[in-house]
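Enquirer: My structure is below; once you've seen it, I'll send some questions.
Spelled out as structure tokens, the structure:
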């Protein structure tokens, strides 16, 4: 399911990212690789998203979050 | 025995954004910095020197990056610097509280192969989070020195210099004790650990990947970066592929890489990233002990309020309000003081000539140089305070939250949330606002923001409105007229950004992706250094480009001088004189000044422009004043005073207002304000745009684009107004 479905405070495992090589490589450098564990810190239903991954907080645009599949 | 090196050592400081890289750089160099741009790009370039005893380090602060791919300008700049300038030592600043992620860049730096020193920064934050990091063990496993440090308390700085020296000495295989310039010895055991291993460790990508790397390596010419190149080629790095010039190599490499890519499940570059992280977790195993449960940090608690979906925006606006109030309430007394100082100076210098002297040198110094440069320098207190406030917002980490909060609105016009801050500063002065675009990472966002910034009505345009509005509008419409001008500016800026995004800067939207650094207390040194370097850049601008421009514009409005038999053109037919009076017959000094301006180059340009601006309802007088306004927007008012022969005029001159009212309709008055708002940015804006965009092309694009827009908008309003019957006096 897309990351946008995960509510605040829930953890998830990243499965895949739908996007160009550039996007995926940028996310990989931030630790967002398939298999990475993440936690949704803020998802207010609109506007960007905040997630925690590998000890840092990362803001992700809603459009991009929709293209990240997690479980 | 003390051993020193008699040459300067070049050090590149690399690291993730928010790892405290700049704080370390500032601590090491103090104010001995030089800020510039990398040629042709908008990435900021900072150099500084660090003198400890006899040792001199030349430091370069590389842009903060998470990796060294070819995808972003910053990463390309950083890696090109590392490859081409081959610094003696690379200092890699890593955030101890976020070690695994930070070590990702380290693995790339290890591959480039320049001698490396790792600064384990923010060890205090890591400790507070319950993490334990064994620096000596980390150094041993990585095979490079690791220096624990707390950047914002200045802890560990000497150890960094020491470790750099050690590395240089061991590189030069100079035997002997390691003590340098009388400093205390290196931190316990970290350096000894280096020697115990045969050199820096490297990422082992596993049998299958290593095989393809070495196969590609064999195809490449002998080069010290060969392994790095080979790894990048496996990952499909376009810049490295382009750099393959030997015939046939590219095809051979492509073939190998393609067959490898076909066999692996992941994309090759993602696979490499995964293997890097695997290597990192092996390194961290036994080095880092983290608490099992991540607790809610103080930052998270603050963010629950600061980034609240409802409260976030009002909090941001309140903070901005405080910043501007502070800038103006604290800055204005200082500004008045400076202004008084310049007046005193011009008074003193004028005193060197007789009171009625018409010496061109007097005019050049008093009107041209002091008037022009002083007009820019008086804003310095405001600018220093504004930069201070920005430095605080950036240093504490709030800037990232502001970007988050505003992104919802800014993304509608295709801009990043962070663009909002420069746009807001634009209400004060366009020049520091353009400098503030440096906080935007993407070049595209930066250029778009720069291009539309002059549309945010700056403080220097206020005198124009203050003159025009009371002249043409009854009291009850004065407020709304001013409001309308500002709102038109904002709407045009947002519309312009949207338009640029859809035309000139088309392409995939830069995805909104940003790290949220934890809140922290910025150091006084960092704040001062940041404020000082930017303020100094502004002063330098005033002393060079703006000085030159002021002199040229002074010349344009002062020369050539009319001969005695110069007959005033129609338009000087006001009460004081009759139409066909020659210049020699004029007694009134104000009128003589008006005649001189009319005869000058600026006056002629104004006349020449008349056919072009007539459809906007403007005559040559307005044209002339607009030429003067290129120096600084507020000069428009003074120039109008001269063309209308009312002598010294400012925005409170009722005589000038009466003249304006007798000649122009309120519609024209509004159009003048509109045109002054939108058209040609001042010369200082031109200069700063050229500098910050890295090309004069953008400065010209901005000038002509905005002037064209001003013409179209004013034309529409004027002609539309005439059709609606609003043209009456």
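Protein chains in written order, with my numbering: chain A, 136 to 206; chain B, 1201 to 1929. Heads up, the beta-carbon is just placed ideally off N, CA and C, and yes, glycines get one too.
#1: Would you kindly work out how many angstroms separate the C-alpha atoms of residue 1316 of chain B and residue 1661 of chain B, rounded to a whole number?
#2: Look at the Cβ atom of residue 1650 of chain B, then the Cβ atom of residue 1903 of chain B, and state whether they are nearer than 9 angstroms.
#3: What does residue 1227 of chain B touch in chain A if you count any residue whose Cβ is under 8 angstroms from its own?
#4: Work out the CA separation of residue 1303 of chain B and residue 200 of chain A for me, nearest whole Å.
#5: Mind checking whether residue 1310 of chain B and residue 1268 of chain B have CB atoms under 9 angstroms apart?
#6: How big is the Cα-Cα spacing for residue 1911 of chain B and residue 1894 of chain B?
#7: Specify the secondary structure class of residue 1454 of chain B as computed by DSSP and reduced to three states.
#8: Does any residue of chain B bring its CB to less than 9 angstroms from the CB of residue 116 of chain A?
#9: Can you find the residues in the same chain that come closer than 7 angstroms, C-beta to C-beta, to residue 1665 of chain B, ignoring five residues on each side of it along the sequence?
#10: Residue ranges of each alpha helix (DSSP H) run of no fewer than 4 residues wholly in the region 1539 to 1566 of chain B, ordered along the chain?
#11: Taking a cut of 8 angstroms between CB atoms, which residues from the region 1468 to 1485 of chain B lie near chain A?
#12: Hey, residue 1436 of chain B and residue 1461 of chain B: beta-carbon distance below 9 angstroms or not?
#13: Among residues of its own chain, excluding the 5 on either side of residue 1805 of chain B, which ones have a beta-carbon nearer than 6 angstroms to its beta-carbon?
#14: For the region 1666 to 1683 of chain B, which residues have a beta carbon sitting closer than 8 angstroms to at least one beta carbon of chain A?
#15: Considering only DSSP beta bridges, list what residue 1489 of chain B is partnered with.
#16: Could you give the residue range of the beta strand (DSSP E) that holds residue 151 of chain A?
#17: Applying a beta-carbon distance threshold of less than 7 angstroms, which residues of chain B neighbour residue 145 of chain A?
#18: So residue 1630 of chain B and residue 1653 of chain B are in contact, right, with Cβ under 8 angstroms, and what is the actual spacing, rounded?
#19: Quick one: using the 10 Å Cβ neighbour count with 16 as the cut-off for buried, is residue 1726 of chain B buried or exposed?
#20: To the nearest angstrom, how far is the alpha carbon of residue 1503 of chain B from that of residue 1717 of chain B?
#21: Report yes or no: do three or more beta-carbon pairs, one from the region 1214 to 1221 of chain B and one from the region 1748 to 1764 of chain B, lie closer than 8 angstroms?
#22: Report yes or no: is there a C-beta of chain B within less than 9 angstroms of the C-beta of residue 142 of chain A?
#23: CB-CB under 8 angstroms to residue 1632 of chain B, same chain, minus the five flanking residues each way: which ones, in chain order?
#24: Cα separation between residue 1568 of chain B and residue 1512 of chain B?
#25: Let me know the secondary structure DSSP gives residue 184 of chain A once reduced to three states.
#26: Between B:1811, B:1613, B:1293 and B:1415, which has its C-alpha nearest residue 1212 of chain B's C-alpha?
#27: For residue 183 of chain A, return the contacting residues in chain B, with the cut-off set at a CB-CB distance below 7 angstroms.
#28: Determine the closest residue to residue 1282 of chain B out of B:1324, B:1864, B:1262 and B:1296, with distance taken between C-alpha atoms.
#29: Report yes if the CB atom of residue 1516 of chain B is closer than 9 angstroms to the CB atom of residue 1605 of chain B, and no otherwise.
#30: Between which two residues does the beta strand (DSSP E) containing residue 191 of chain A stretch?
#31: Using the rule of at least 16 other Cβ atoms within 10 Å of the residue's Cβ for burial, across every protein chain shown, is residue 1469 of chain B buried or exposed?
#32: Quick check on the DSSP output: the alpha helix (DSSP H) that includes residue 1621 of chain B runs from which residue to which?
#33: Once the 5 residues before and after residue 1272 of chain B are set aside, which same chain residues still bring their CB inside 6 angstroms of it?
#34: Where residue 1363 of chain B and residue 1402 of chain B are concerned, what is the direct C-alpha to C-alpha distance, given to the nearest angstrom?
#35: For residue 1275 of chain B, count the other beta carbons within 10 Å of its own beta carbon; 16 or more makes it buried, fewer makes it exposed. Which is it?
#36: Can you tell me where the alpha helix (DSSP H) with residue 1691 of chain B in it begins and where it stops?
Expert: By the coordinates alone:
#1: Counting from one through the second chain, the residue named residue 1316 of chain B turns up at place 116. Counting from one through the second chain, the residue named residue 1661 of chain B turns up at place 461. If you take the alpha carbons of residue 1316 of chain B and residue 1661 of chain B, they lie about 52 angstroms apart.
#2: Taking the second chain and counting its residues from 1, one reaches residue 1650 of chain B at position 450. Taking the second chain and counting its residues from 1, one reaches residue 1903 of chain B at position 703. The answer is no: Cβ separation not under 9 angstroms.
#3: Within the second chain, residue 1227 of chain B is the residue found at index 27, counting from 1. Correct list: empty, because the minimum Cβ distance to chain A is about 23 angstroms.
#4: Within the first chain, numbered from 1, the residue matching residue 200 of chain A stands at position 65. Within the second chain, numbered from 1, the residue matching residue 1303 of chain B stands at position 103. Using only the alpha carbons, I get a separation of about 25 angstroms.
#5: Locating residue 1310 of chain B in the second chain gives position 110, where the first residue counts as 1. Locating residue 1268 of chain B in the second chain gives position 68, where the first residue counts as 1. Their beta carbons are not under 9 angstroms apart, which means residue 1310 of chain B does not touch residue 1268 of chain B by this criterion.
#6: As a working note, residue 1911 of chain B is residue 711 in the second chain. As a working note, residue 1894 of chain B is residue 694 in the second chain. Taking the straight line from one Cα to the other gives about 27 angstroms.
#7: Position 254 of the second chain, counting from 1, holds the residue named residue 1454 of chain B. Helix.
#8: In the structure displayed, chain A extends from 136 to 206; residue 116 of chain A sits before or after that span and is not available.
#9: The residue given as residue 1665 of chain B occupies position 465 in the second chain. For residue 1665 of chain B, where only same-chain residues beyond five positions count, the Cβ hits under 7 angstroms are 1682, 1685 and 1873.
#10: 1560 to 1563
#11: Within the region 1468 to 1485 of chain B, the residues whose Cβ lies closer than 8 angstroms to some Cβ of chain A are 1469, 1470, 1473, 1474 and 1477, listed in chain order.
#12: In the second chain, the residue the question calls residue 1436 of chain B occupies position 236. In the second chain, the residue the question calls residue 1461 of chain B occupies position 261. It is a contact, given that the beta carbons lie within the stated cut-off.
#13: Taking the first residue of the second chain as 1, we reach residue 1805 of chain B at position 605. Excluding residues within five positions, the ones whose Cβ falls inside 6 angstroms are 1827.
#14: none
#15: If you number the second chain from 1, residue 1489 of chain B lands on position 289. Answer is B:1332.
#16: Start at 1 with the first residue of the first chain, and residue 151 of chain A comes out as number 16. Where residue 151 of chain A is concerned, the enclosing beta strand (DSSP E) stretches over 146 to 152.
#17: Here residue 145 of chain A refers to the residue found at position 10 when the first chain is read from its first residue. Within 7 angstroms Cβ-Cβ: nothing; residue 145 of chain A doesn't reach chain B, min ~14 angstroms.
#18: For this step, residue 1630 of chain B is matched to residue 430 along the second chain. For this step, residue 1653 of chain B is matched to residue 453 along the second chain. With a Cβ gap of about 6 angstroms, residue 1630 of chain B and residue 1653 of chain B count as contacting.
#19: Residue numbering aside, residue 1726 of chain B sits at position 526 when the second chain is read from its first letter. So residue 1726 of chain B ends up on the buried side.
#20: As a first step, residue 1503 of chain B is located in the second chain; it is residue number 303 there, counting from the start. As a first step, residue 1717 of chain B is located in the second chain; it is residue number 517 there, counting from the start. Their Cα atoms are separated by approximately 11 angstroms.
#21: Too few Cβ pairs lie closer than 8 angstroms, so no.
#22: The residue given as residue 142 of chain A occupies position 7 in the first chain. Closer than 9 angstroms: no.
#23: In the second chain, counting from the first residue as 1, residue 1632 of chain B sits at position 432. Closer than 8 angstroms at Cβ, skipping near neighbours: 1583, 1586, 1587, 1625, 1734 and 1738.
#24: Numbered from 1 along the second chain, position 368 holds the residue referred to as residue 1568 of chain B. Numbered from 1 along the second chain, position 312 holds the residue referred to as residue 1512 of chain B. Distance between the alpha carbons of residue 1568 of chain B and residue 1512 of chain B: 47 angstroms.
#25: For the purposes of this step, residue 184 of chain A is taken as the residue at position 49 of the first chain. Here residue 184 of chain A sits in strand by DSSP.
#26: Position 12 of the second chain holds residue 1212 of chain B. Residue 1212 of chain B has its Cα closest to that of B:1293, out of B:1811, B:1613, B:1293 and B:1415.
#27: Against the first chain, residue 183 of chain A aligns to sequence position 48. Going along chain B in sequence order, the residues near residue 183 of chain A (Cβ under 7 angstroms) are 1604, 1607 and 1712.
#28: Against the second chain, residue 1282 of chain B aligns to sequence position 82. The option with the nearest alpha carbon to residue 1282 of chain B is B:1262.
#29: As a working mapping, residue 1516 of chain B is identified with position 316 in the second chain. As a working mapping, residue 1605 of chain B is identified with position 405 in the second chain. It is a contact, given that the beta carbons lie within the stated cut-off.
#30: As a working note, residue 191 of chain A is residue 56 in the first chain. Per DSSP, residue 191 of chain A belongs to the beta strand (DSSP E) from 191 to 195.
#31: As a working mapping, residue 1469 of chain B is identified with position 269 in the second chain. Burial call: buried.
#32: Working through the second chain from its first residue, we reach residue 1621 of chain B at position 421. First-last of the alpha helix (DSSP H) with residue 1621 of chain B: 1620 to 1625.
#33: For this step, residue 1272 of chain B is matched to residue 72 along the second chain. Excluding five sequence positions before and after residue 1272 of chain B, none of the CB atoms of its chain fall closer than 6 angstroms to its own CB.
#34: By one-based count along the second chain, residue 1363 of chain B stands at place 163. By one-based count along the second chain, residue 1402 of chain B stands at place 202. Whole-angstrom Cα-Cα distance: 20 angstroms.
#35: Within the second chain, numbered from 1, the residue matching residue 1275 of chain B stands at position 75. Buried: at least 16 other Cβ atoms inside 10 Å.
#36: Reading the second chain from its first residue, position 491 is the one you call residue 1691 of chain B. Unbroken alpha helix (DSSP H) run through residue 1691 of chain B: 1675 to 1702.
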